[in-house]
Amino acid sequence: MTNSETVAATGPLSTGSSTTRVIGILALIAMGALLLFGLWLSPDDVNQGDAVRILYIHVPSATIAYIGCALTTIGSVLYLWRRSQWWELTAYASAEIAAVFTAITLVTGMLWGRPTWGVYWVWDARLTTTAMLMLLLLGYLALRRLPADYDVRAKRSAIVGLLLFPNVIIVRQSVQWWNTLHQKPTLFANGLGARIEGLMLFTLFIGFIAIGLTFVWLLIHRFRVAYLAEQLEKEDLDRAIADRRAEGIVR
Amino acid sequence: MMWRSARLIAGKDLRLEWRSRVGMNQVLPFAAVVLVMFAFALNPDSDLLQKATPGLFWVSVLFLALTTVGRTFSIESSEGISDSIRLSGLEPSGFFLGKVISIGVQLLILEVLLGIGVTVLYRASPAEWPLLLSTVGVATVGIAAAGTLYGMVAVSLRVRETILPLLLLPVLTPVLIGSTRAFEAAINETPADGWPWIGLMAVFSFVYVAAGIFGFGALMEDS
Amino acid sequence: MDPANQPSLPVVHLRGAVALLGRFPALAGVDLDIEARSIAVVRGANGAGKTTLLRTLAGLVPVSGVANVLGVDLVHHRRDVRNRVGFLSSQSGLYDDLTVIDNINFWTRAAGADPADAERAMELLELDGRLRDVRVGRLSTGQKRRTSLACVMARRPELWLLDEPHAGLDQDGRDLVDNLVKDAVAAGATVVMSSHELDRSLALATQVITLGGGTTLLGGDDVA
Amino acid sequence: MNSALLAVVTQAWPYVSASWIIVFGGLAAYAVVIVRRGKKLSRELPPEKRRWS
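Those protein sequences? They're chains F, V, A and E, same order as listed. Each residue of the first sequence is one higher than the last, beginning at 180 in our numbering. Each residue of the second sequence is one higher than the last, beginning at 66 in our numbering. Each residue of the third sequence is one higher than the last, beginning at 290 in our numbering. Each residue of the fourth sequence is one higher than the last, beginning at 345 in our numbering.
If you want it as C-alpha cells, here you go:
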C-alpha cells in the first residue's frame with residue numbers, strides 16, 4: 180500500500196491518470212481507424228463523391244455537441260438540487276467541450292455545403308439549430324466565466340444551464356417548422372438517410388466511436404482542470420484571509 | 066402568499082413606471098425611431114416592407130423588451146434596494162411573477178402603440194383578430210418570463226448591458242419565429258398555419274414561467 | 290467556551306465567521322457575542338468590515354464558521370433571520386421615483402407589517418405632513434434617512450442593524466436617532482450600529498467593538 | 345443535371361481535406377491546451393489538494 184501513499188503525498192503532476200491514459204489510447208486508435216476508413220478505404224458516394232467523407236466527422240460531432248449540452252443541463256439540475264460541486268464542474272466542462280464540437284459541426288457543415296450545394300451557408304434546419312446551440316452555449320460560458328464567488332457563479336450558471344437543453348429542443352422544433360415552410364427537404368436530408376450502408380455505414384460508426392471517446396477523454400481532463408482551478412482559488416482565498424487578518428493587527 | 070407578493074411588486078412597478086414616465090418619453094420615441102429606420106432601410110414603396118412588417122414588428126418588440134427589462138432591473142439593484150428586497154420577506158416566486166406581470170403590461174402597451182404605428186406607417190392590414198391577439202398574448206408572456214429570468218441572472222453583474230442581450234436574444238428565437246409566422250398567417254388569412262406556432266410559444270412560456278417560479282429563490286439569494 | 294453553560298444564547302454569537310464580498314474576504318474570522326437588549330457600537334477604519342458585519346448579521350451575506358443570530362444558524366438558514374431584523378443601510382434602500390407614502394406602504398406591506406405601525410412611525414418621524422407626497426429622490430439625506438427609519442420601525446424588528454445612522458444628519462436629526470434607539474431597546478430589541486461619530490454613539494453604547502482587517506480587535510466581549 | 349453536379353463535386357477533395365485538418369488540428373490543439381493547463385495548475389497546488397473528488 181505504501182506505493183499509493185507516496186503517490187498521494189506527491190500527488191499526480193497533471194490531470195492525467197490511468198483511466199485517461201487508457202481512454203486516450205483507445206481514442207487515438209479509433210481516430211486512426213477513422214482517418215484510414217474515412218479518407219481511403221470507404222468508397223465515394225455515387226452522388227456527392229468525396230464530399231461524403233466530411234460527414235463522417237460532421238454527424239458524430241453534431242451528436243456529441245447535443246449530448247454535451249444535455250449533460251450540462253443534467254449537471255446544472257443536480258447542482259441546484261444537491262449542491263454538488265462535482266456535477267456543476269461536469270456541467271461546465273461538458274458545455275465548453277460541446278461548444279468546441281458545435282464549432283466543428285458548423286465549420287464542417289459549411290465546408291460540406293460548398294461542394295454539394297454550391298454555397299457555404301444554407302438555412303437548413305439542422306445547421307441553423309446548431310448555430311443557435313452555439314449562441315446558447317456561448318451565453319452560458321460567458322456567464323460561467325464572470326469572476327465572482329464560486330457559489331454565486333455556480334448558481335447563476337446552473338439556472339441558465341438548466342434551461343440550455345429545453346431551449347435547444349424548442350429552438351430545434353421551431354427551426355424545423357420554420358424551415359419546412361419555405362424550403363423543400365434538402366439533399367442533405369435524403370442524401371444521407373436513404374442509401375448509406377456497407378463500408379460507409381461502418382466508417383460512420385467508427386466516427387461515432389472515435390469522437391465519443393475523444394469527448395470522454397476531454398471531459399475528464401477538463402473537469403480536473405476546472406476542479407484544480409477552484410481549489411487554487413480556495414487556496415488564494417485562504418491566503419487572502421490571512422493577509423486580511425494581518426492587515427488589522429499591524430495597525 | 067405568492068400572489069400577494071406578485072400583486073405588490075407589479076403594483077409598485079407600474080406606479081413607478083407611471084410616475085417616472087420613462088416608458089412614455091424614452092422607450093416609445095425609441096420604438097418610433099426603430100420603425101422609421103426600418104422604413105428607410107427597406108424603401109417603403111416596394112412591397113418588401115409590407116411583407117416584412119410582421120418580422121420588423123416583433124424585432125422591434127424584442128429590442129423594447131431588452132430596454133424595459135434592463136431598466137427595471139437596474140432600478141432594483143440601485144440605492145441598496147436589492148438588500149431591502151431580500152430583507153422584505155417577499156416570496157421570490159411572487160417577486161418573479163410580479164416582475165413578469167409588470168414587464169408584460171408595459172410590453173403590451175408598447176405593442177399596441179407599435180401596432181398602430183405599423184398599421185399607419187407600413188399600411189399593414191390587420192385581420193384574423195383572434196389569432197393576432199393570442200399571438201400577442203402568448204408571445205408577451207414568453208418574452209416577459211424569459212426576460213425576467215435572464216434579467217435577474219444579469220442584474221448585478223457589472224457587464225449587464227452586454228450579457229443580457231447575449232443571454233436573452235438567442236433564447237427568444239422561437240418566440241420571434243413563432244410570432245412572426247403567426248402574424249403572417251393572420252395577414253394572409255390562413256389562420257390554420259398560425260395556430261401551431263401559438264402552441265409552441267405556449268410551451269415556451271410555460272417552461273419559463275415554471276423555471277422562474279422554482280429557480281428564482283436561488284437567483285435572488287446572491288448579491 | 291461551551292455555549293451550554295451560558296444562561297441564554299446571546300442575540301449575536303459569532304466564532305471565526307468568514308464572509309466574502311465577491312472574492313474579497315471582508316470578514317476574515319470574527320469572534321463576537323452581543324447580549325440581548327444591548328446597544329453595540331462597531332468602530333473601525335473604512336474597509337475594516339463594519340458594513341459587511343451588519344449585512345452578515347442581517348442574513349444577507351453567505352457566511353462560514355459559527356454564526357448564530359436570534360437563535361438562527363446563519364451558515365445554513367440565513368434567510369430565516371431576515372424577517373426579524375431591521376437593516377438601515379448607508380444607502381436609502383428606497384425607490385427614488387416613488388413618493389414617501391408609496392415607499393413606506395410598499396415596504397411595510399411587503400414585510401407584512403401592520404399599517405397602523407407604519408402610520409405611527411410616520412407621525413413619530415414627522416413624515417405625515419408636507420413630505421408625505423414628495424418623491425424620495427427630491428428629499429435631503431436626513432429626510433431620506435427618516436423615511437428608511439420609518440420602514441425599519443414599522444417592522445418592529447428584534448434586532449436593529451444601523452449602518453452609520455448619524456452620518457449627514459443635523460443636530461435634531463441625531464437626537465431623533467438616539468431617542469429611537471433608546472425606545473427600541475426599552476421595547477426589548479437589541480441594537481448594533483456602526484459609527485464614525487464616536488462622541489455621539491459612545492454615549493449610548495453598552496458595548497464597543499473595534500473592527501480591523503475583518504476581525505474583532507477589541508470588545509468582542511472578552512471572547513478570545 | 346448529373347454532369348453539372350459531377351463537375352461541381354469532383355473538386356470536393358480540397359473541402360474534405362480542409363475539414364479533416366481543421367477537426368483533427370482543432371481537437372489536438374484543444375487537448376494540448378487543457379493538459380498543459382492541468383500541469384500548470386497541478387504544480388501550484390499543494391499535493392493533498394490534487395485529489396479529484
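Backbone N, C-alpha and C fix where the C-beta goes; we use that ideal spot for every residue, glycine too. Please read these numbers as outputs of a predicted model, since none were measured by experiment.
### Query
Interface residues of chain A around ARG324(F) at Cβ under 8 Å?
Against the first sequence, residue 324(F) aligns to sequence position 145. Result: empty, since nearest Cβ-Cβ is about 14 Å, beyond 8 Å.
### Message
Using C-beta distances below 6 Å, list every residue in its chain close to ARG421(A), excluding the 5 sequence neighbours before and after it, in chain order.
### Response
Here residue 421(A) corresponds to residue number 132 of the third sequence, with the count starting at 1. Hits under 6 Å: VAL389, ILE390.
### Message
I'd like to confirm the pairing. Which residues does DSSP put opposite ARG156(F) in its beta bridges?
### Response
Given that chain F is displayed from residue 180 to residue 430, the structure contains no residue 156(F) and the question cannot be resolved.
### Query
Nearest-angstrom Cα distance between LEU366(F) and THR307(F)?
Taking the first sequence and counting its residues from 1, the one referred to as residue 366(F) is at position 187. Taking the first sequence and counting its residues from 1, the one referred to as residue 307(F) is at position 128. Per-residue confidence for LEU366(F) stands at a pLDDT of 42, beneath the threshold of 50, marking its modelled position as unreliable; the derived number appears in the next sentence. Rounded to the nearest angstrom, the two C-alpha atoms are 16 Å apart.
### Query
Going by Cα to Cα distance, which pick from SER196(F), ILE253(F), ALA272(F), ASP224(F) is closest to GLY377(F)?
Taking the first residue of the first sequence as 1, we reach residue 377(F) at position 198. For GLY377(F), the nearest C-alpha among the options comes from ASP224(F).
### Among LEU259(F), ALA278(F), THR251(F), nearest to LEU314(F) - alpha-carbon criterion
Working through the first sequence from its first residue, we reach residue 314(F) at position 135. Checked all of LEU259(F), ALA278(F), THR251(F); the closest Cα to LEU314(F) is ALA278(F).
### Task
Pair every Cβ in the stretch 328-338 of chain F with every Cβ in the stretch 246-263 of chain F, then say whether three or more of these pairs are closer than 8 Å.
yes
#### Entry: Secondary structure of HIS365(A), DSSP reduced to three states
In the third sequence, the residue the question calls residue 365(A) occupies position 76. Correct three-state label for HIS365(A): helix.
### Task
Would you give the residue range spanned by the alpha helix (DSSP H) that ARG335(F) belongs to?
Mapped onto the first sequence, residue 335(F) falls at position 156. ARG335(F) -> alpha helix (DSSP H) spans 329-341.
### Proximity winner among VAL480(A), VAL474(A), GLU453(A), relative to ASN335(A) (alpha-carbon distances)
For the purposes of this step, residue 335(A) is taken as the residue at position 46 of the third sequence. If we check each option's Cα against that of ASN335(A), GLU453(A) comes out closest.
### Task
Give a yes or no on whether the minimum CB-CB distance between VAL256(F) and chain V is below 8 Å.
Against the first sequence, residue 256(F) aligns to sequence position 77. Output row for VAL256(F): interface = no.
### Query
If VAL330(A) sits next to VAL497(A), beta carbons under 8 Å apart, how far is it from one beta carbon to the other, in whole angstroms?
Taking the first residue of the third sequence as 1, we reach residue 330(A) at position 41. Taking the first residue of the third sequence as 1, we reach residue 497(A) at position 208. Correct: roughly 5 Å between the Cβ atoms.
### Message
Please report the distance separating the alpha-carbon of VAL301(F) from that of ARG371(A).
### Response
Translated into positions along the first sequence, residue 301(F) becomes position 122. Translated into positions along the third sequence, residue 371(A) becomes position 82. Straight-line Cα distance between these residues: approximately 55 Å.
### Message
In whole angstroms, give me the CA-to-CA distance for ARG489(A) and ASP459(A).
### Response
Taking the first residue of the third sequence as 1, we reach residue 489(A) at position 200. Taking the first residue of the third sequence as 1, we reach residue 459(A) at position 170. Taking the straight line joining both Cα atoms gives about 12 Å.
### Task
Taking ARG232(F) as the reference, give the member of PHE216(F), GLY195(F), TRP396(F) with the closest Cα.
Locating residue 232(F) in the first sequence gives position 53, counting from the first residue. Nearest of PHE216(F), GLY195(F), TRP396(F) to ARG232(F), Cα basis: PHE216(F).
### Query
Skipping 5 residues on each side, what residues in its chain have a beta carbon closer than 7 Å to that of TYR299(F)?
Along the first sequence, one-based indexing puts residue 299(F) at 120. The answer, listed in chain order, is MET289, GLY292, ARG293.
### Task
Sort THR495(A), LEU310(A), ARG424(A) by Cα distance to ARG80(V) and report the nearest one.
Locating residue 80(V) in the second sequence gives position 15, where the first residue counts as 1. Among THR495(A), LEU310(A), ARG424(A), the Cα nearest to that of ARG80(V) belongs to ARG424(A).
#### Entry: SER147(V) - DSSP class collapsed to helix/strand/coil
Here residue 147(V) corresponds to residue number 82 of the second sequence, with the count starting at 1. Helix at SER147(V).
### Query
Is it a yes or a no for the stretch 190-208 of chain V touching the stretch 405-414 of chain A, going by three-plus beta-carbon pairs under 8 Å?
no
### Task
Report buried or exposed for ASP403(A), applying the criterion of at least 16 other Cβ atoms within 10 angstroms of its Cβ.
What you label residue 403(A) is simply residue 114 of the third sequence in a count that begins at 1. Answer is exposed; the Cβ neighbour count stays below 16.
### Task
Identify, in the order they occur along the chain, each residue of the same chain with its Cβ nearer than 6 Å to the Cβ of PHE280(F), setting aside the five sequence neighbours on each side.
Numbered from its first residue, the first sequence carries residue 280(F) at position 101. Closer than 6 Å at the Cβ level, and outside the excluded window around PHE280(F), lie SER240, ILE243, ALA244.
### Query
Using 8 Å as the limit for Cβ to Cβ distance, is GLY135(V) near chain A?
Position 70 of the second sequence, counting from 1, holds the residue named residue 135(V). Chain A contact via Cβ: absent.
### Query
Just the Cα atoms here: how many angstroms apart are LEU385(E) and ALA275(V)?
Working through the fourth sequence from its first residue, we reach residue 385(E) at position 41. Working through the second sequence from its first residue, we reach residue 275(V) at position 210. Rounded to the nearest angstrom, the two C-alpha atoms are 40 Å apart.
### Message
Taking contact to mean 3 or more Cβ pairs, one atom from each stretch, closer than 8 Å, check whether the stretch 225-244 of chain V and the stretch 177-187 of chain V are in contact.
### Response
no
#### Entry: Secondary structure, alpha helix (DSSP H): runs of 4+ residues fully inside the stretch 436-505 of chain A
460-475, 487-493
### Task
May I ask you to report which of helix, strand or coil DSSP gives PRO299(A)?
One-based indexing of the third sequence puts residue 299(A) at position 10. If DSSP states are grouped into helix, strand and coil, PRO299(A) belongs with coil.
### Message
Across the stretch 375-384 of chain A and the stretch 136-150 of chain V, are there enough close Cβ pairs to call them in contact, namely three or more that are closer than 8 Å?
### Response
yes
### Query
Would LEU231(V) be called buried (16 or more neighbouring beta carbons within 10 Å of its own) or exposed?
The sequence position of residue 231(V) within the second sequence is 166, counting from 1. Per the 10 Å Cβ criterion, buried.
### Query
Given that GLU414(F) touches chain E, what residues does it touch there, using C-beta distances under 9 Å?
Residue mapping note: residue 414(F) aligns to position 235 of the first sequence, counting from 1. What GLU414(F) touches in chain E: GLU388, LEU389, PRO390, LYS393.
### Query
For LEU377(A), which beta-bridge partners are listed by DSSP?
Along the third sequence, read from residue 1 onward, the residue named residue 377(A) stands at position 88. In DSSP, LEU377(A) forms a bridge with LEU451(A).
### Task
Grab me the residues of VAL78(V)'s own chain with a C-beta within less than 6 Å of its C-beta, minus the 5 sequence neighbours each way, in chain order.
In the second sequence, the residue the question calls residue 78(V) occupies position 13. Checking the sequence shown, residue 78(V) turns out to be Asp, not Val. The residues are SER167.
### Query
Given SER221(F), which residues of its chain have a CB within under 6 Å of its CB, disregarding the five upstream and five downstream residues?
Locating residue 221(F) in the first sequence gives position 42, counting from the first residue. Excluding sequence neighbours, SER221(F) sits near LEU378, MET379, THR382.
### Message
For a quick check, are the C-beta atoms of GLY391(F) and LEU213(F) less than 8 Å apart?
### Response
For the purposes of this step, residue 391(F) is taken as residue 212 along the first sequence, with counting starting at 1. For the purposes of this step, residue 213(F) is taken as residue 34 along the first sequence, with counting starting at 1. Going by C-beta atoms, GLY391(F) is not nearer than 8 Å to LEU213(F).
#### Entry: Proximity below 8 Å, CB of ALA270(F) to CB of THR251(F)
Along the first sequence, read from residue 1 onward, the residue named residue 270(F) stands at position 91. Along the first sequence, read from residue 1 onward, the residue named residue 251(F) stands at position 72. Yes.
### Query
How big is the Cα-Cα spacing for PHE281(V) and GLY340(F)?
The residue you call residue 281(V) lines up with position 216 of the second sequence. The residue you call residue 340(F) lines up with position 161 of the first sequence. Cα to Cα, the separation comes out at about 14 Å.
### Query
Residues bridged to PHE313(A) by DSSP?
Taking the third sequence and counting its residues from 1, one reaches residue 313(A) at position 24. PHE313(A) is bridged to LEU310(A).
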